[in-house]
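S.K.: Chains A and B supply the protein sequences, listed in that same order. Mapping to my numbering: the first sequence position 209 is 209, numbers consecutive. Going from the second sequence to my numbering is simple: count from 1 and add 354.
Protein chains: 2
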Amino acid sequence: MRKGFLSANKFGRGHLENQRIRTGRVTIHDVAAAAGVSISTASKALNNTGRMGDDTRERVKRIATEIGFRPNALAKGLLSNRSFTIGLLTNDTYGRFTLPVMAGITEALVDHGVSVFLCTIEDDPALGKVHVDAMLDKSVDGIIASGKRIDRRLPVDLSNLPVPVVYAFTEGTSDSVTFCADDFQGAALAVEWLMGLGRRRIAHITGPESFVSVRERTRAYHDLVGDALPVMYGTWSEAWGHEAVAKIWDTPGRKPDGIFCGNDQIARAVVDALRERDVRVPEDLSVVGFDNWEIVAAQTRPPLTTVDMNLKALGREAGLTVLALAEGRAVEPGIRTLPCELVVRQSCGGNPEH
Amino acid sequence: MRKGFLSANKFGRGHLENQRIRTGRVTIHDVAAAAGVSISTASKALNNTGRMGDDTRERVKRIATEIGFRPNALAKGLLSNRSFTIGLLTNDTYGRFTLPVMAGITEALVDHGVSVFLCTIEDDPALGKVHVDAMLDKSVDGIIASGKRIDRRLPVDLSNLPVPVVYAFTEGTSDSVTFCADDFQGAALAVEWLMGLGRRRIAHITGPESFVSVRERTRAYHDLVGDALPVMYGTWSEAWGHEAVAKIWDTPGRKPDGIFCGNDQIARAVVDALRERDVRVPEDLSVVGFDNWEIVAAQTRPPLTTVDMNLKALGREAGLTVLALAEGRAVEPGIRTLPCELVVRQSCGGNPEH
DNA sequence: AAAATTTGAGAAAAGCTTTTCTCATCTTGA
DNA sequence: TCAAGATGAGAAAAGCTTTTCTCAAATTTT
Chain A
1 MRKGFLSANK
11 FGRGHLENQR
21 IRTGRVTIHD
31 VAAAAGVSIS
41 TASKALNNTG
51 RMGDDTRERV
61 KRIATEIGFR
71 PNALAKGLLS
81 NRSFTIGLLT
91 NDTYGRFTLP
101 VMAGITEALV
111 DHGVSVFLCT
121 IEDDPALGKV
131 HVDAMLDKSV
141 DGIIASGKRI
151 DRRLPVDLSN
161 LPVPVVYAFT
171 EGTSDSVTFC
181 ADDFQGAALA
191 VEWLMGLGRR
201 RIAHITGPES
211 FVSVRERTRA
221 YHDLVGDALP
231 VMYGTWSEAW
241 GHEAVAKIWD
251 TPGRKPDGIF
261 CGNDQIARAV
271 VDALRERDVR
281 VPEDLSVVGF
291 DNWEIVAAQT
301 RPPLTTVDMN
311 LKALGREAGL
321 TVLALAEGRA
331 VEPGIRTLPC
341 ELVVRQSCGG
351 NPEH
Chain B
355 MRKGFLSANK
365 FGRGHLENQR
375 IRTGRVTIHD
385 VAAAAGVSIS
395 TASKALNNTG
405 RMGDDTRERV
415 KRIATEIGFR
425 PNALAKGLLS
435 NRSFTIGLLT
445 NDTYGRFTLP
455 VMAGITEALV
465 DHGVSVFLCT
475 IEDDPALGKV
485 HVDAMLDKSV
495 DGIIASGKRI
505 DRRLPVDLSN
515 LPVPVVYAFT
525 EGTSDSVTFC
535 ADDFQGAALA
545 VEWLMGLGRR
555 RIAHITGPES
565 FVSVRERTRA
575 YHDLVGDALP
585 VMYGTWSEAW
595 GHEAVAKIWD
605 TPGRKPDGIF
615 CGNDQIARAV
625 VDALRERDVR
635 VPEDLSVVGF
645 DNWEIVAAQT
655 RPPLTTVDMN
665 LKALGREAGL
675 TVLALAEGRA
685 VEPGIRTLPC
695 ELVVRQSCGG
705 NPEH
C-alpha cells in the first residue's frame, strides 16, 4: 500500500490478548474476563436479570462502562429477532413531507435505541421491491410507508410482509394503521381565522380537485362560507397562484377580502400577484396558506399565516405505533386523523396574540 | 386481545415442522432440508464457493429461489463483521443539501446491498453522540458525514471511530476523505456564461463573507471581471436580494447588465425586485443563481439559469469511497473537488442550445 | 491392480448475546 | 446435626450463516 493511503486495517487493533484476537470491539467476553466472572453472569448483571450478589452486579456494570462495552446489536438481534431498526419508505423526493415525518419518527424512537433506514423510491416499483427486500434481509422490526399525498399508494406491495407496516401521509390498507392530517379541520381553522378578522368575501384558490385533501379542504370552506364564490382548482404551483389572481382581478365584479390558498406556494404567488396589482396584504386583503413550509411561508412578504399539519407529531405517532406492533402489543387498525394548527404570521393582519 | 385489533403475532406462522418451530422466516436449514443436502453444502452452493457437482449446485439454487430463501443479514454481519449498512449523519434539517447527497449514496450502494441509516442531528452534540453510538452498536460499515456548509464541522467527534468516515459537503479531518463542490469553477462557469452573452457590467450579490464558499466564488468573480463593482455580501435570504437591488438602483450611476447571485433564493428575489422596477429579465439584464434548488429556480419568473453543484454525484462518490474503505481497499486521503455545471433556463436569455 | 489424486459433501467452529438449566455452597429450621 | 431450601454463579444451547477441516468415494495414474 502506498504511503499516505487510507485503509480499513488502520482500524483493527490486531494484537493478541487472552489467546484470542481482539477485533477492536469490546465484547461481553472482555467484560467477563475483566470482572473475573463468566459470560452468563456478566450478561445477567448488565441486563438486571438472573440472581447474583449486588456487589457482583455493580462491579460488572462498572467495569463494562470503564472498558466501553456496548452490546453488539447484530448478535442481540439475531437472538431476539428484533433488530431495533425500522425502515422508512417514501416517494417524496424533495422531502417536503417526509423529512418532518422522519424527524418525528426519529425523535420518538431514538430513546428506544431504534434507528431508521430511509429509502426514497421515486415511482419505481422494482426499486421499491429491492429496498423492501433489503430491509427484510436486515430484519427490520417494522416499516413506515410515507409519501406526498394521502390518497395514493406507494408503488410497492406492502401487504403480507412478515413485519408490521404503518402508513403515514400515504394511503394504506384497510386492515392497517394509517396516520394523516385532518384537512377538514385545518381548512376550517384557516377560514374561521379569516372570518374572525371580519373578512366576509373569502375566496379559495387551491390544487387539483383530484386530491382528496383538496376536496376535504373545500368541503370545510363550503361549510363555513357557502358557495357564493366558486372554488378555483388548479395546480400546486406559483404559476397557478398568479393566474388565479389575474382571473379574479381581470374580471369585473366585487373582489374578495380574504383568500384561503391550498398550499403555501400558491399563497406566496397570490401575495406577490396582489402586490403587483397594488392590493395591500394584509390591510386590504388577508391571505392564509397551507403546509407551513418554512422556506416558502417565512420568505413571503409579508410572511404567511398558514396551516401546519403537524407532520412531526404524525411521525412520532407512526413511530410509536410501529414500535408497539413490533413488540406484539395490540393496536386498533384504522385511519387516525391528527389535528392541524394555525401558524400566525403577518399575511392576515389582526392580532398575533389572539 | 380484542377482536379487530392488530398484533405482531399475526405475523408468526408458528406451526411445527421437522421438529423445529418455523419462525416465518426461511433459513438455510429449510433450503438444505428441501434439497436433501447439508447446511454447509447449501451455503456453498448459494455462494458459488466450495466444491460440488454442478447439478447439486443448480438444484440447491433453484430450490432456494422457489421457497424464497434470503440470507439473514444479521447472521451474515455477525460473522463477517460487515453489516451492509452505513450511517449518514447530517445537521441539514431541511434536507436542501443532504437529500441530493443521500440520493446519490443510495443509488451507488443499493446494488451492493447496502442500506443507509439517516440521522439528522440539529446542532446538538449529545444527540449526535447518541446516534453515532447507535450506529456503532449496529456495526455500520462506515459513516458519511454531511451538512449544510463545507467549512463547518458537525457538532460531534468522528475521529478515532472503529469504522471509516467520509465527509461530504461538510468539513472533515485532514487524514480523511472529503468531497465538496468546486465553488471556484462553478462561479467561473456562471460569470463566463454572462460574459459570453455580452454582459460587461456584472454585479455579484452573495451571502456572508464568513462562508468559504462565498470567498471562493468571489475569487472566481474577481479573476474574471476585476473589481470595478464591489461585491455585495449579505445573508442567504430573499430579503437581502431585495435590499441589494434597492441599494444599486437607489444610488445614482450606471447599472449592471448582469448579476451573479450567491444562491437561488437571492437570485429569485433579485429577479422579483427588478420586475418591480420594470427592469426586464433577461432582455435588459441577465441573472444567474447558484444551487439549482428546483423548488426555487424553476418557480422563479423567468426560471433561473443557475449553477448545479452535482450533489448527487458527490453522494455517489462518497458512497463508493466509504464502501471501498469498509472493504479494506486503499483510498488516498484529502479533499476531492467535484465540478459544478450550469443549468440553463431563461433568466439570462441567449441561446439555450449554446 | 494398487496407489495417488481428485471430487463431492458433511461436521464443526466461529461470530456475540441472552436464556435456561444445572450445580455447588450457604443458610435456615427441626 | 441433618435435611430442605435459598443463593450465587457457571455451562450450554440457540439464533443463522460462512468457512475450514475432514472423510469417504470415485477417478486417474503407474
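All residues carry an ideal CB built from backbone N, CA and C; glycine is no exception.
Once DSSP output is grouped into helix, strand and coil, what is the label at L342/A?
M.R.: L342/A falls in the strand class under three-state DSSP.
S.K.: Checking 9 Å against the spacing of the C-beta atoms, do E637/B and G552/B come in under that value?
M.R.: For E637/B and G552/B, no; Cβs fall outside 9 Å.
S.K.: Where does I335/A sit, in a helix, a strand or coil, going by DSSP?
M.R.: Looking at I335/A - three-state DSSP - the assignment turns out to be strand.
S.K.: With 8 Å as the C-beta to C-beta threshold (strictly closer), list the residues of the segment 135-151 of chain A near chain B in chain order.
M.R.: Hits within the stretch, in order: M135, L136, D137, K138, S139.
S.K.: Counting only Cβ pairs nearer than 9 Å, list the residues of chain A close to E592/B.
M.R.: Going along chain A in sequence order, the residues near E592/B (Cβ under 9 Å) are Q299, T300, R301.
S.K.: Do you know whose CA, among S392/B, G441/B, V633/B, lies nearest D491/B's CA?
M.R.: Closest by alpha carbon: G441/B.
S.K.: Report yes if the CB atom of A684/B is closer than 9 Å to the CB atom of S115/A, and no otherwise.
M.R.: Not a contact, by the Cβ cut-off of 9 Å.
S.K.: Would a check of beta-carbon distances place H596/B closer than 9 Å to chain A?
M.R.: So, interface residue.
S.K.: Taking its Cβ as the centre, do 16 or more other Cβ atoms sit within 10 Å of K247/A, making it buried, or is it exposed?
M.R.: The residue is exposed, with fewer than 16 neighbouring Cβ atoms inside 10 Å.
S.K.: Considering only their Cβ atoms, is the gap separating A535/B from N664/B smaller than 9 Å?
M.R.: Contact: yes.
S.K.: Could you pull out every residue in the same chain whose Cβ sits closer than 8 Å to the Cβ of P516/B, ignoring the five residues on either side in sequence?
M.R.: For P516/B, where only same-chain residues beyond five positions count, the Cβ hits under 8 Å are L490.
S.K.: Looking only at its chain, what residues have a beta carbon closer than 6 Å to the beta carbon of E341/A, apart from the 5 residues adjacent to it on each side?
M.R.: D308, listed in sequence order.
S.K.: Measure from the C-beta of L481/B to each C-beta in chain A and report whether the shortest distance is under 9 Å.
M.R.: Closer than 9 Å: yes.
S.K.: Candidates S83/A, V288/A, G262/A: which alpha carbon is nearest P208/A's?
M.R.: Answer by Cα proximity: G262/A.
S.K.: Distance check for I205/A and A244/A, CA to CA, integer angstroms please.
M.R.: Distance between the alpha carbons of A244/A and I205/A is about 7 Å.
S.K.: Report the residue from T589/B, L578/B, T381/B, R411/B whose alpha carbon sits nearest the alpha carbon of A623/B.
M.R.: When each option's Cα is compared against that of A623/B, the closest is T589/B.
S.K.: I think E276/A touches L224/A, with their Cβ atoms under 8 Å apart; what is that distance to the nearest whole Å?
M.R.: Contact flag wrong, Cβ pair sits at about 29 Å.
S.K.: Note down, in chain order, every chain B residue with its Cβ under 8 Å from the Cβ of N72/A.
M.R.: The contacting residues are L432, D491, S493.
S.K.: Against chain A, which members of the segment 447-460 of chain B pass a CB distance test of less than 9 Å?
M.R.: From the segment 447-460 of chain B, only T447, Y448, G449, R450, T452, L453, M456, A457, T460 have a Cβ closer than 9 Å to chain A.
S.K.: Between the C-alpha atoms of T23/A and T93/A, what's the straight-line distance to the nearest angstrom?
M.R.: With a pLDDT of 49 at T23/A, under the threshold of 50, the predicted position of this residue should be treated as unreliable, and no value is reported.
S.K.: Are the segment 279-293 of chain A and the segment 315-327 of chain A in contact at 8 Å, needing three or more beta carbon pairs?
M.R.: Touching, no.
S.K.: Could you tell me whether any Cβ in chain B is nearer than 9 Å to the Cβ of R45/A?
M.R.: Sequence inspection shows Ala at residue 45/A; the Arg mentioned does not correspond to that position. Taking Cβ atoms only, chain B never reaches closer than 9 Å to A45/A, which makes this a no.
S.K.: So, helix, strand or coil for V287/A, using DSSP?
M.R.: It is a strand residue.
S.K.: Is it right to say S564/B is buried, meaning 16 or more other beta carbons lie within 10 angstroms of its own, or is it exposed?
M.R.: Counting Cβ neighbours within 10 Å, S564/B comes out exposed, since fewer than 16 surround it.
S.K.: Any beta carbon from chain B within less than 9 Å of T49/A's own beta carbon?
M.R.: No - not a single Cβ of chain B is within 9 Å of the one on T49/A.
S.K.: Do you know whose CA, among K255/A, T27/A, V60/A, Q299/A, lies nearest L285/A's CA?
M.R.: L285/A has its Cα closest to that of K255/A, out of K255/A, T27/A, V60/A, Q299/A.
S.K.: For M406/B, which of helix, strand or coil comes out of DSSP?
M.R.: In this structure, M406/B counts as coil in the three-state DSSP scheme.
S.K.: With DSSP as the reference, label T395/B as helix, strand or coil.
M.R.: Correct three-state label for T395/B: helix.
S.K.: Please tell me whether P100/A and G315/A are closer than 9 Å, where the distance is taken between their beta carbons.
M.R.: The answer is yes: Cβ separation under 9 Å.
S.K.: Could you name the residues of the segment 640-651 of chain B whose beta carbon sits closer than 7 Å to any beta carbon of chain A, in the order they occur along the chain?
M.R.: Per Cβ criterion, the list reads I649.
S.K.: Can you name, in chain order, every residue of its own chain whose Cβ lies under 8 Å from the Cβ of G688/B, other than the five neighbours on each side?
M.R.: Only V531, T532 meet the Cβ criterion.
S.K.: Beta carbon of S146/A, beta carbon of L89/A: below 9 Å?
M.R.: Yes, Cβ-Cβ distance for S146/A and L89/A is below 9 Å.
S.K.: Quick one: give me the first and last residue of the alpha helix (DSSP H) that H466/B is part of.
M.R.: Run containing H466/B: none; DSSP gives neither H nor E here.
S.K.: Please return the same chain residues whose Cβ sits closer than 8 Å to the Cβ of R690/B, not counting the five positions on each side in sequence.
M.R.: For R690/B, where only same-chain residues beyond five positions count, the Cβ hits under 8 Å are V531, T532, F533, C534, E671.
S.K.: According to DSSP, simplified to helix, strand and coil, what is S347/A?
M.R.: Here S347/A sits in coil by DSSP.
S.K.: How is the alpha helix (DSSP H) around Y575/B delimited, first residue to last?
M.R.: Unbroken alpha helix (DSSP H) run through Y575/B: 566-579.
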